[in-house]
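Numbering (the working numbering), first residue to last: 2 to 308.
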Amino acid sequence: MSHLFGPVPSRRLGRSLGLDITPYKTCTFDCIYCQLGRTTNKTVQRQEYIASDLVLSEIEDFLSEGEGDVDYITFAGSGEPTLHSGIGEMIDTIKTMTDIPVAVITNGSLLFREDVRGDLSNADVVLPSLDAATAPVFRAVNQPHESLSVDQIIEGLRMFREAFEGEFWLEIMFVRGVNDGTYEITALSDAISAINPDRVQLNTVVRPPREDVGSVDEDEMVRIQGAFVGNFDVEIIAETRIEVRADILPLLERRPLTLDQIAGSLEMHRNEAAKYLRELAEQGVVVETVHGDKRYFGANPHPPTKS
Ligand code: SF4
């Protein structure tokens with residue numbers, strides 16, 4: 002299986018070639034809004050989950066065919082990338098292979114560790130998240146590994162920011178009724194002032210998460226934006242809610258597509274696209290076919306009629 006995905010258009014990073022370096026849902030958190038489903042391996046154990054050499058040789062192959070239209074090579078995917086003990090070595094090696102900037106999307110939970118801070122030090126952009134600044138809300142929204150504390154994470158983010166020479170963009174995912182209260186926003190604002198990121202990006206739940214959690218409406222997001230003041234830009238990056246059926250089916254009615262093509266068109270990770278395709282296949286509106294060694298998904302020309 003390839004550990005590269007895309008390049009996919011990304012709201013935050015332009016055209017991004019994704020690197021997925023952990024097994025599916027190996028994460029320090031089990032966020033209530035996670036689009037990938039439940040965390041199957043909640044851990045803080047760093048190890049070489051996937052051979053670094055294998056990932057690097059896939060990048061080498063990709064680059065040997067021309068760098069194409071790629072704005073960033075991005076560590077992201079289906080788990081927490083800083084759990085991979087080889088991420089620092091991979092970043093350093095990629096920097097010798099290409100001038101394409103390297104980005105890391107992380108939940109920031111391990112930056113309190115000196116080795117993790119050192120590993121990310123040569124990245125060009127680090128995009129950590131911070132969804133809470135008080136212990137109860139942190140537990141509610143991120144459902145972290147029991148050894149993690151939010152104070153330690155905030156201090157880790159601050160220490161990393163202080164030494165890091167690249168761009169540091171902090172994302173906050175707001176979930177209605179969970180981390181959007183006045184007290185929490187004030188605590189987050191204080192924490193962010195201490196961390197001092199280059200940018201703060203505000204987001205809210207827009208795709209069906211694993212639990213019944215709701216998004217914060219647009220007016221409220223604008224009000225929250227006004228609460229964050231500092232030497233950093235604050236932007237709202239929430240998308241409008243994707244109507245999966247309305248977005249996927251017109252694509253598949255034109256021609257059958259592979260999972261990667263669908264994920265690329267919809268700007269989502271392939272695991273997320275796979276989840277939607279499963280649902281649509283169960284409803285009988287999408288059918289799967291195999292040609293050669295590739296699997297294609299197409300619209301069912303004779304979908305079941307509702308009784
Ligand atoms: S940190 Fe990311 S991958 Fe991990 S549970 Fe939260 S949203 Fe999912």
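Cβ atoms here follow ideal geometry from the backbone N, Cα and C, with glycine treated the same way.
Rounded straight-line distance, which links the Cα of D125 to that of E166:
Mapped onto the sequence shown, residue 166 falls at position 165. Mapped onto the sequence shown, residue 125 falls at position 124. When the Cα atoms are used, E166 and D125 turn out to be separated by approximately 8 Å.
Determine which residues share a DSSP beta bridge with P295 and list them.
Start at 1 with the first residue of the sequence shown, and residue 295 comes out as number 294. Reading the sequence as shown, one finds Lys at residue 295 and not Pro. Partner(s): H292.
For Y73, which three-state DSSP category applies?
For the purposes of this step, residue 73 is taken as residue 72 along the sequence shown, with counting starting at 1. Assigned with DSSP and collapsed to three states, Y73 falls in strand.
For S122 and P305, what's the separation of their Cα atoms in angstroms?
Within the sequence shown, numbered from 1, the residue matching residue 122 stands at position 121. Within the sequence shown, numbered from 1, the residue matching residue 305 stands at position 304. So the two alpha carbons sit approximately 54 Å from each other.
Under the three-state reduction of DSSP, which class applies to F169: helix, strand or coil?
Working through the sequence shown from its first residue, we reach residue 169 at position 168. DSSP places F169 within a strand segment (E or B) once states are collapsed to three.
E115 to Q284 span [Cα, whole Å]:
Indexing the sequence shown from 1 puts residue 115 at position 114. Indexing the sequence shown from 1 puts residue 284 at position 283. Each residue's Cα considered, the two are about 49 Å apart.
Would you say the beta carbon of F30 is closer than 6 Å to some non-hydrogen atom of the ligand SF4?
For the purposes of this step, residue 30 is taken as residue 29 along the sequence shown, with counting starting at 1. Yes, the ligand SF4 has a heavy atom inside 6 Å of this Cβ.
Mind the definition here: the stretch 14-24 touches the stretch 48-59 only if three or more C-beta pairs lie below 8 Å; say whether that holds.
In short, these stretches touch, since the Cβ pair count reaches three.
What span of residues does the alpha helix (DSSP H) with S11 cover, start to end?
As a first step, residue 11 is located in the sequence shown; it is residue number 10 there, counting from the start. Boundaries for S11: no alpha helix (DSSP H) harbours it, while the beta strand (DSSP E) harbouring it runs L5 to S11, taken from the DSSP string.
Validate contact between the stretch 249-262 and the stretch 280-298 using beta carbons, cut 8 Å, 3 pairs:
Counting Cβ pairs under 8 Å, three or more are found: they touch.
Please classify H303 as buried or exposed, where buried requires at least 16 other C-beta atoms within 10 Å of its C-beta.
On the sequence shown, residue 303 is found 302 positions in, with the first residue counted as 1. The residue in question, H303, is exposed, as its Cβ has fewer than 16 Cβ neighbours within 10 Å.
Decide if S148 is buried, meaning its Cβ has at least 16 other Cβ atoms within 10 Å, or exposed.
What you label residue 148 is simply residue 147 of the sequence shown in a count that begins at 1. The Cβ neighbour count for S148, taken over all protein chains shown within 10 Å, is under 16; the residue is labelled exposed.
Exposed or buried, Q202, counting other C-beta atoms within 10 Å across all chains shown (16 or more means buried)?
Stepping through the sequence shown from its first residue, residue 202 is reached at position 201. By the neighbour-count definition (other C-beta atoms within 10 Å, threshold 16), Q202 is a buried residue.
Write down the C-beta distance between E59 and S3 rounded to the nearest angstrom, noting that I regard them as a contact closer than 8 Å.
For the purposes of this step, residue 59 is taken as the residue at position 58 of the sequence shown. For the purposes of this step, residue 3 is taken as the residue at position 2 of the sequence shown. Yes, E59 and S3 are in contact; Cβ-Cβ is about 6 Å, under 8 Å.
Tell me the rounded alpha-carbon separation between H85 and F161.
As a first step, residue 85 is located in the sequence shown; it is residue number 84 there, counting from the start. As a first step, residue 161 is located in the sequence shown; it is residue number 160 there, counting from the start. Cα to Cα, H85 sits roughly 18 Å from F161.
Starting from the C-beta of I225, find all residues in its chain whose C-beta is less than 8 Å away, skip the five residues before and the five after it, and write them out in chain order.
Taking the first residue of the sequence shown as position 1, residue 225 is located at position 224. Apart from the 5 residues on each side of it in sequence, I225 sits with its Cβ closer than 8 Å to the Cβ of F175, D181, I186, L203 and V217 in its chain, given in chain order.
Would you call R118 buried or exposed, if buried means 16 or more other Cβ atoms sit within 10 Å of its Cβ?
Along the sequence shown, one-based indexing puts residue 118 at 117. By the beta-carbon neighbour count (other beta carbons within 10 angstroms, threshold 16), R118 is buried.
Start-to-end residues for the alpha helix (DSSP H) that takes in G89
Sequence index remark: in the sequence shown, residue 89 carries index 88 (1-based). Membership of G89 in the alpha helix (DSSP H) is indicated by the continuous run I88 to M98.
For the beta strand (DSSP E) containing S17, list its first residue and its last residue.
The sequence position of residue 17 within the sequence shown is 16, counting from 1. Element bounds for S17: G15 to D21.
E236, enclosing beta strand (DSSP E) - first and last residue:
Along the sequence shown, read from residue 1 onward, the residue named residue 236 stands at position 235. Residues D234 to I237.
What first and last residue would you give for the alpha helix (DSSP H) that runs through I106?
If you number the sequence shown from 1, residue 106 lands on position 105. No alpha helix (DSSP H) holds I106; the beta strand (DSSP E) holding it covers V103 to T107.
Given L252, which residues of its chain have a CB within under 7 Å of its CB, disregarding the five upstream and five downstream residues?
Looking up residue 252 in the sequence shown gives position 251. Taken in chain order, the residues that qualify are L258, I263 and S266.
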